[in-house]
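> Quick one: structure below, then a few questions.
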């Protein structure tokens, strides 16, 4: 059984003796042919295709600098290695194959997802049809359920961190990028500014405790995005975006949701609740009628709020400004080594039933599918790598 330390800020740490068996002190270029053209590039890492010289098998090599802004990043890197190791038994999370370390960087050799990011499909098609969106969200929920069963919050769920096994198809989606994920232990409070602006939950912006419910908010935003191609809270001004999130200034414009069922809209509404204690669990969402298909799916016939913005004013994805992602570091972190208690019996978990209301979802019984809209909301399409700036 692996032994971890869990720091006060929710990072998994691996004992030195165990870590030595994970990391190879050799040049990755001696074992793999690495394509210099990146598959993806983030603020702190670059991902390239790597082909094993002996077997010819293709992988994704994630290059991460050990120091950033004169700060040692090994603690965060080891945490990501530990989380990937914890998730090796599920096919809903990208697989870790090997780890290499040089004096300046650590390279994770990961399973290659041939289809790339879900974001690439959204860039080309703007949004998914409802059947495809439901199929995608069910897989994402199953991946998040595996994490939450182990008390791991991803905290950066967005299309860029969802990988497709095959091109232009959502048949198999895998979660990736656990760099800002946290292990949430009972009785331990974690407050930290992290995430990506359009998807971040109100409690993060308000510097309130993070919980597994923080991911539920992001799931709601993600569902809205893949069904409409737009951010529910995005504004051209980042401070307005944060205000929209804090007030849950949410609307479902007829222009973008005319062909979306009332069940799908109800699913989104159930997640975007300011109080995290009132949000459903991921297990509840897996049993929501929209995901479980316990009801007939019909387009919403209720009057949705018409858009107050001309579509020509919406900023295309390719033209949205990229905002950097930052994290506020908590002080006085401490570690205590102990036997890992992350639950491995996920598949034996009894999934709690979604509180399926007897209230009908038809327009007559439930005619309104929106929150009161803040008058200064500006609708804009989702950008790549938008992050929190203070």
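Numbering (the UniProt record's numbering), first residue to last: 1 to 390.
C-beta: ideal position from N, C-alpha, C; glycine also.
For residue 293, count neighbouring Cβ atoms within 10 angstroms of its own Cβ and tell me buried if that reaches 16, exposed if not.
Flag for residue 293 reads exposed.
> Just reading off the alpha helix (DSSP H) that residue 40 is part of, what are its end residues?
Element bounds for residue 40: not the alpha helix (DSSP H) but the beta strand (DSSP E), 32-41.
> Quick check on DSSP: helix, strand or coil for residue 214?
Helix at residue 214.
> Quick check on the DSSP output: the beta strand (DSSP E) that includes residue 391 runs from which residue to which?
Because the chain is modelled from 1 through 390, residue 391 falls outside the range shown and cannot be assessed.
> With a cut-off of 8 Å, do at least 3 Cβ pairs link the segment 180-191 to the segment 199-215?
They touch, by the three-pair rule.
> Near residue 264, which residues of its chain fall below 7 Å by C-beta distance, leaving aside the five closest residues on each side in sequence?
Cβ within range, chain order: 130, 227 and 290.
> Using beta-carbon positions only, say whether residue 99 and residue 22 come within less than 9 Å of one another.
Result yes, Cβ atoms of residue 99 and residue 22 sit closer than 9 Å.
> I think residue 64 touches residue 50, with their Cβ atoms under 8 Å apart; what is that distance to the nearest whole Å?
Not quite, the Cβ-Cβ distance comes to about 14 Å (not below 8 Å), so this is no contact.
> With residue 107 and residue 31 assumed to form a contact (beta carbons below 8 Å), what rounded beta-carbon distance in angstroms separates them?
Actually they are not in contact, since the Cβ atoms of residue 107 and residue 31 sit about 10 Å apart, beyond 8 Å.
> Quick check on the burial criterion: 16 or more other C-beta atoms within 10 angstroms. Buried or exposed for residue 244?
The residue is buried, with at least 16 neighbouring Cβ atoms inside 10 Å.
> Could you please give the first and the last residue of the uninterrupted alpha helix (DSSP H) stretch that includes residue 135?
Here the alpha helix (DSSP H) through residue 135 covers 130-149.
> Using DSSP bridges, identify the partner residues of residue 201.
Residue 201 pairs with nothing; no bridge assigned.
> Going by DSSP in three states, residue 207 sits in which element: helix, strand or coil?
Residue 207 falls in the coil class under three-state DSSP.
> Given residue 158, which residues of its chain have a CB within under 6 Å of its CB, disregarding the five upstream and five downstream residues?
For residue 158, where only same-chain residues beyond five positions count, the Cβ hits under 6 Å are 196 and 199.
> Whose C-alpha, out of 34, 4 and 52, is nearest the C-alpha of residue 17?
Nearest C-alpha to residue 17: 4.
> Between which residues of its own chain and residue 135 is the CB-CB distance below 6 Å, once the five residues before and five after are set aside?
Excluding positions up to five away in sequence, the list reads 170.
> Is the beta carbon of residue 62 less than 9 Å from the beta carbon of residue 286?
Contact: no.
> Would DSSP call residue 172 helix, strand or coil?
Here residue 172 sits in coil by DSSP.
> Start and end of the alpha helix (DSSP H) containing residue 119?
Start and end: 118-125.
> Using the Cα positions of residue 246 and residue 120, report the straight-line distance between them to the nearest angstrom.
Going from the Cα of residue 246 to the Cα of residue 120 covers about 29 Å.
> Can you tell me whether residue 8 is helix, strand or coil according to DSSP?
Coil.
> Whole angstroms is fine: what's the gap from residue 205's alpha carbon to residue 56's?
In a straight line, the C-alpha of residue 205 is about 46 Å away from that of residue 56.
> Where in the segment 211-295 do unbroken runs of the beta strand (DSSP E), each at least 3 residues long, occur, reported from the N-terminal end onward?
Fully enclosed beta strand (DSSP E) runs of 3 or longer: not present.
> How long is the line joining the alpha carbons of residue 85 and residue 109, rounded to whole angstroms?
C-alpha separation (whole angstroms): 12 Å.
> Compute the Euclidean distance between the alpha carbons of residue 76 and residue 277, then round it to the nearest angstrom.
So the alpha carbons of these two residues sit roughly 28 Å apart.
> Thinking C-beta only, is residue 94 closer than 9 Å to residue 14?
No, the Cβ-Cβ distance between residue 14 and residue 94 is not below 9 Å.
> Hey, how far is the Cα of residue 11 from the Cα of residue 255?
About 43 Å.
> When the Cα atoms are used, what is the spatial distance from residue 180 to residue 9?
So the two alpha carbons sit approximately 11 Å from each other.
> Given a cut-off of 9 Å on the beta-carbon distance, is the pair residue 229 and residue 127 in contact?
Their beta carbons are under 9 Å apart, which means residue 229 touches residue 127 by this criterion.
> Does the Cβ-Cβ distance between residue 48 and residue 36 come in under 9 Å?
Yes, these two residues count as a Cβ contact at 9 Å.
> Quick one: grab the DSSP three-state call for residue 21.
Correct three-state label for residue 21: helix.
> Hey, would you say the C-beta of residue 255 is under 8 Å away from at least one heavy atom of the ligand MN?
The ligand MN is not among the ligands present in this structure, which contains no ligands whatsoever.
> By the DSSP assignment, the beta strand (DSSP E) with residue 112 in it spans what residues?
It is not in any beta strand (DSSP E) - residue 112 carries neither H nor E in the DSSP assignment.
> What are the boundary residues of the beta strand (DSSP E) that includes residue 100?
Residue 100 -> beta strand (DSSP E) spans 96-101.
> Which of the three DSSP states is assigned to residue 28 in this structure?
If DSSP states are grouped into helix, strand and coil, residue 28 belongs with the helices.
> If you count every other CB in all the chains shown that lies within 10 Å of the CB of residue 60, and 16 or more means buried, which is it?
Classification for residue 60: buried.
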